[in-house]
Each structure stands twice: as C-alpha cells, then as structure tokens.
C-alpha cells in the first residue's frame, strides 16, 4: 500500500508541476499580447477560463489530498 501511495504522490507531483507550467506559459503570453494563443483553447481573452487553469487547480487539490493521505498512512504505520 505504501508503494501505491508513494507512486500516486509522485504522479500527482509531476502532473501538478506540468499543469502549472502550462498555465504559467499561457499567463505570460496573455500578459505580453493580451490573448492566449499557446494552449489548447485557441484565442481566449482570459487565461483563468482555460482548461489549463482548471486542470492545474484540480491537480493541486488531488496533490494536497495525496500529501494528507500519505502523512496519515505514515502516522498509522508508526502507531502500530
């Protein structure tokens, strides 16, 4: 079970970093030109309405929950 939780943690960490990197690129593009042309949505006027921002938020929430679960699992193992 510990290996599964650790693998989940690593996958969510990488996914979160990737999602925020993509959103950061869109945000920088939006600041410089006023439009989001880099990401998948095409020409959008607000980067906070893009799928990259939504994905970054959901990956971050899942990553935080993974941290909590991993810590509780370690505490439960130490208490036995």
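Numbering (my numbering), first residue to last: 1082 to 1161.
Don't be surprised by glycine CBs; every beta carbon is placed ideally from N, CA and C.
Report task. Look at residue 1100 and residue 1140 and say whether their C-beta atoms are less than 8 Å apart. Result -> Along the chain shown, read from residue 1 onward, the residue named residue 1100 stands at position 19. Along the chain shown, read from residue 1 onward, the residue named residue 1140 stands at position 59. It is a contact, given that the beta carbons lie within the stated cut-off.
Requested in this report: In angstroms with no decimal places, state the Cα-to-Cα distance between residue 1096 and residue 1115.
Outcome: Position 15 of the chain shown, counting from 1, holds the residue named residue 1096. Position 34 of the chain shown, counting from 1, holds the residue named residue 1115. If I take the Cα positions, the gap works out to 27 Å.
**Report entry** Backbone CA spacing between residue 1154 and residue 1147 [nearest angstrom]
**Finding:** Here residue 1154 refers to the residue found at position 73 when the chain shown is read from its first residue. Here residue 1147 refers to the residue found at position 66 when the chain shown is read from its first residue. Rounded to the nearest angstrom, the gap between the Cα atoms of residue 1154 and residue 1147 is 10 Å.
Query raised in the report: Is the CB-CB distance between residue 1179 and residue 1086 below 8 Å?
Result: Outside the shown range of the chain, which is 1082 to 1161, sits residue 1179, and nothing can be said about it.
Query raised in the report: Around the C-beta of residue 1102, are 16 or more other C-beta atoms found within 10 angstroms, so that it is buried, or is it exposed?
Result: The sequence position of residue 1102 within the chain shown is 21, counting from 1. It counts as exposed.
Requested in this report: With distances taken Cα to Cα, identify the nearest neighbour of residue 1108 among 1094, 1133, 1143.
Outcome: Residue 1108 sits at position 27 when you count from the first residue of the chain shown. Of 1094, 1133, 1143, the residue nearest in Cα terms is 1133.
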